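Down below is the structure, laid out as structure tokens.
Residue numbers (the numbering used here), protein chains in the order written: chain A, 152 to 401; chain B, 11 to 73.
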């Protein structure tokens with residue numbers, strides 16, 4: 152392999168070269184995920200103090216907020232790869248979009264579930280149809296719709312294109328979720344963390360949330376890498392290298 | 011330290027059901043995804059092995 156070819160940005164955009172790289176990276180991200188989550192749980196349960204207003208129920212936010220962040224972030228990454236796939240017709244970008252959707256859906260579900268369990272003792276209700284909760288529920292339907300649409304179309308290229316259009320139209324929902332608590336009067340509280348000012352919460356609580364978010368982030372990368380490797384094998388089964396790869400597994 | 015004993019820890023100041031209900035479901039869902047990914051990889055390798063074997067037999071009969 153010549154040096155110039157290896158240093159090219161597009162070298163790893165081919166499924167054949169990316170597959171082994173993904174296999175080497177996956178354990179590192181999985182390890183970091185476990186590490187960050189353990190440290191985050193330690194801070195969240197043993198270091199962070201009891202909240203003056205919410206008591207111990209606030210400890211749900213150490214998974215609720217990171218899961219909600221990941222649910223939106225994964226959708227943006229998925230939308231990005233859908234856009235790249237539509238414009239450049241690159242196989243690996245569509246494979247990435249397909250591989251990210253289930254993990255995104257899982258974090259959306261976790262955000263909704265933990266939100267309900269936090270809402271019951273804090274607001275007195277499991278669910279309200281306010282802008283934040285409703286738009287997050289729509290996000291879950293977008294993920295499920297994307298996966299169902301892709302699964303329903305046999306022709307892989309058409310499935311990728313249809314899924315990409317759906318996902319890209321759905322990107323509009325992300326700023327709606329994010330800014331819903333400012334744009335409308337919602338039961339859901341505003342953000343305690345912003346890019347512009349210091350967080351309006353105790354430093355240890357903030358640290359626990361950030362470390363858990365890093366853990367979920369690393370987990371998402373590890374899960375998506377595992378899934379994209381399966382998708383590569385399935386979709387590239389007609390190639391010589393996959394045949395050799397499978398032969399080497401026996 | 012926030013907790014005097016294990017029972018205090020599990021009680022979560024009366025919010026045990028909500029706090030542990032959140033953490034338990036999160037753990038179950040993530041573990042389920044990991045198991046599903048491991049099974050998917052095994053399934054892909056198994057089905058592709060059969061696929062190549064069948065294709066190999068097909069080529070032999072044709073030739």
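The beta carbon of each residue, even a glycine, is placed where N, CA and C say it ideally should be. Here the structure is a predicted model, which is why all the values come from computation and not from measurement.
Could you tell me which residues DSSP puts in a beta bridge with residue 236 of chain A?
Assignment of beta-bridge partners to residue 236 of chain A by DSSP yields no partner.
Where residue 341 of chain A sits in the DSSP three-state scheme
Reduced to three states, the DSSP call for residue 341 of chain A is coil.
With a threshold of 8 angstroms, are at least 3 pairs of Cβ atoms found where one atom belongs to the region 233-243 of chain A and the other to the region 184-197 of chain A?
Short answer: they don't touch.
Assigned secondary structure, residue 385 of chain A (DSSP; H/G/I helix, E/B strand, else coil):
DSSP places residue 385 of chain A in helix when its eight states are reduced to three.
In chain B, which residues lie with their C-beta within 7 angstroms of the C-beta of residue 374 of chain A?
43, 47, listed in chain order.
Would you call the region 381-392 of chain A in contact with the region 178-186 of chain A, where contact means no fewer than 3 C-beta pairs closer than 8 angstroms?
Cβ pair count under 8 angstroms is below three, so no.
Is residue 33 of chain B closer than 8 angstroms to residue 272 of chain A when the C-beta atoms are compared?
If you check the CB distance, residue 272 of chain A and residue 33 of chain B do not come in under 8 angstroms.
When you compare only the Cα positions, how much space is there between residue 304 of chain A and residue 252 of chain A?
The straight-line gap separating the alpha-carbon atoms of residue 304 of chain A and residue 252 of chain A is approximately 16 angstroms.
Mind checking whether residue 148 of chain A and residue 313 of chain A have CB atoms under 8 angstroms apart?
The structure shown does not extend to residue 148 of chain A, since chain A is modelled only from 152 to 401, so the question has no answer here.
Compare the C-beta of residue 154 of chain A with all C-beta atoms of chain B and state if any pair is closer than 8 angstroms.
Note that residue 154 of chain A scores a pLDDT of 49, beneath 50, so its modelled location is shaky; the value from the coordinates is reported in the next line. Chain B places no beta carbon closer than 8 angstroms to that of residue 154 of chain A, leaving this residue out of the contacts.
Going along chain B in order, which residues have a C-beta closer than 7 angstroms to the C-beta of residue 394 of chain A?
62, listed in chain order.
Assigned exposure category for residue 36 of chain B - 16 Cβ within 10 Å defines buried
Around the beta carbon of residue 36 of chain B, 16 or more other beta carbons lie within 10 angstroms, which makes this residue buried.
With a threshold of 16 other CB atoms inside 10 Å of the CB of residue 103 of chain B, please say whether the residue is buried or exposed.
An answer regarding residue 103 of chain B cannot be provided, because it is not within the stretch 11 to 73 covered by chain B.
Using 8 angstroms as the threshold, is the C-beta distance between residue 282 of chain A and residue 342 of chain A below it?
The answer is no: Cβ separation not under 8 angstroms.
Three-state class that DSSP yields for residue 305 of chain A in the structure shown
Coil, per DSSP.
6 angstroms Cβ shell around residue 297 of chain A - same chain, five flanking residues per side excluded:
For residue 297 of chain A, where only same-chain residues beyond five positions count, the Cβ hits under 6 angstroms are 252, 314, 317, 318.
I need the DSSP call for residue 202 of chain A, collapsed to helix, strand or coil.
DSSP places residue 202 of chain A in strand when its eight states are reduced to three.
Less than 8 angstroms between CB atoms is the rule here; does residue 208 of chain A satisfy it with respect to chain B?
Output row for residue 208 of chain A: interface = yes.
Residue 30 of chain B versus residue 38 of chain B - alpha carbon distance:
Going from the Cα of residue 30 of chain B to the Cα of residue 38 of chain B covers about 12 angstroms.
For residue 51 of chain B, which residues in chain A fall below 8 angstroms Cβ to Cβ?
Near residue 51 of chain B (Cβ distances below 8 angstroms), the residues of chain A are 377, 380, 381.
Return the CA-CA distance between residue 219 of chain A and residue 66 of chain B, expressed in angstroms with no decimal places.
Residue 219 of chain A and residue 66 of chain B: Cα-Cα distance of roughly 49 angstroms.
Using a Cβ cut-off of 8 angstroms, pull out every chain B residue sitting near residue 386 of chain A, in sequence order please.
Within chain B, not a single residue places a beta-carbon under 8 angstroms from that of residue 386 of chain A; the smallest gap is close to 11 angstroms.
Interface flag, residue 271 of chain A vs chain B, CB-CB below 8 angstroms:
With 8 angstroms as the cut-off, residue 271 of chain A counts as an interface residue toward chain B.
Using a beta-carbon distance below 8 angstroms, is residue 68 of chain B in contact with chain A?
Residue contact check for residue 68 of chain B against chain A: no CB pair falls below 8 angstroms.
Given 8 angstroms, three or more beta-carbon pairs between the region 240-248 of chain A and the region 199-214 of chain A:
No, because fewer than three Cβ pairs between the region 240-248 of chain A and the region 199-214 of chain A fall closer than 8 angstroms, the two stretches do not touch.
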